[in-house]
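Taking it in order: structure first as structure tokens, then the write-up.
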Amino acid sequence: MTIDPNAKMEETQEGTEVYSFDPLIVKSHYEIDYIHSYAQDSEFFRALGKKKLLGSKCKKCGYVFATPRAHCMECGAETTWYELPLEGRIHSYTTCYFGSEEFLPQTPFNLVLVEFDGVDSLFLGRLIGASQEDMYIGMPVRAKFRRNLKISPTDVYFVPMPGSDKKPGKKTAPKRRRK
Ligand SMILES: [Zn+2]
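Under the numbering used here, think of the first position of the sequence shown as 590, with each following residue one higher.
Structure below.
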């Protein structure tokens, strides 16, 4: 056993960035690689690379979801993949001025809920090529896909259809198919 009353922690040359003294606020680096499995949604993301949008259709009651769902929210039965049309209409829309760390540098951006013929639920995506003032309920939009896939939900986005820049007078949104 070696007793050393003069033992000292090793000193290093690195300092700590101090942002504020009172309260004391310091900078520390934090980083993480996240290995993420798309699991049962994998086919949806693979289809984006083939410029296809996949929803799901209930094998029992026929309800069509605009998003991947292994089981029906209406009756609980298993679903099968269902190819969505690439053209739809704006059901509702918003402009985001704030977002998570990943999306914050891209603000402001437009998010739209898109309705498709023959589909019972809605699809959330980004709309580009139209400003906030240009968007309206019922506006025809078309899905587009990134050529260089990121394998992320932002691989698909929407643009206005040609000639969709005229706001309809008092027309309400077209009715969605009801089950
Ligand atoms: Zn069902």
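Note that CB positions come from ideal geometry on N, CA and C, so glycine has one too. Model, not experiment: these values are computed from the prediction.
Checklist entry - From S626 to M598, what distance separates their C-alpha atoms? => result If you number the sequence shown from 1, residue 626 lands on position 37. If you number the sequence shown from 1, residue 598 lands on position 9. So the alpha carbons of these two residues sit roughly 43 Å apart.
Checklist entry - Mapping DSSP to helix, strand and coil, what is L693? => result For the purposes of this step, residue 693 is taken as residue 104 along the sequence shown, with counting starting at 1. In the three-state DSSP reduction, L693 falls in the helix class (H, G or I).
Item to check | Sequence-distant residues of the same chain with beta carbon closer than 8 Å to L693, five excluded per side | outcome: Numbered from its first residue, the sequence shown carries residue 693 at position 104. F687.
Next on the checklist: Is Y652 near ligand 1 - that is, is its Cβ less than 7 Å away from at least one heavy atom of it?
Outcome noted: As a working mapping, residue 652 is identified with position 63 in the sequence shown. Answer for Y652: yes, Cβ within range of ligand 1.
Next on the checklist: Shorter than 7 Å, the distance from the beta carbon of A666 to the closest heavy atom of ligand 1, or not?
Outcome noted: In the sequence shown, the residue the question calls residue 666 occupies position 77. For A666, the shortest C-beta to heavy atom distance toward ligand 1 is below 7 Å.
Next on the checklist: What does the alpha-carbon distance come out to for the pair F712 and S720?
Outcome noted: Taking the sequence shown and counting its residues from 1, the one referred to as residue 712 is at position 123. Taking the sequence shown and counting its residues from 1, the one referred to as residue 720 is at position 131. Those two C-alpha atoms are separated by around 20 Å.
Checklist entry - Who does N737 pair with in a DSSP beta bridge? => result Indexing the sequence shown from 1 puts residue 737 at position 148. Per DSSP, none; premise fails for N737.
Checklist entry - Where DSSP assigns a beta bridge to G714, which residues make up the other side? => result Within the sequence shown, numbered from 1, the residue matching residue 714 stands at position 125. Among the bridge pairs identified by DSSP, G714 is matched with V701.
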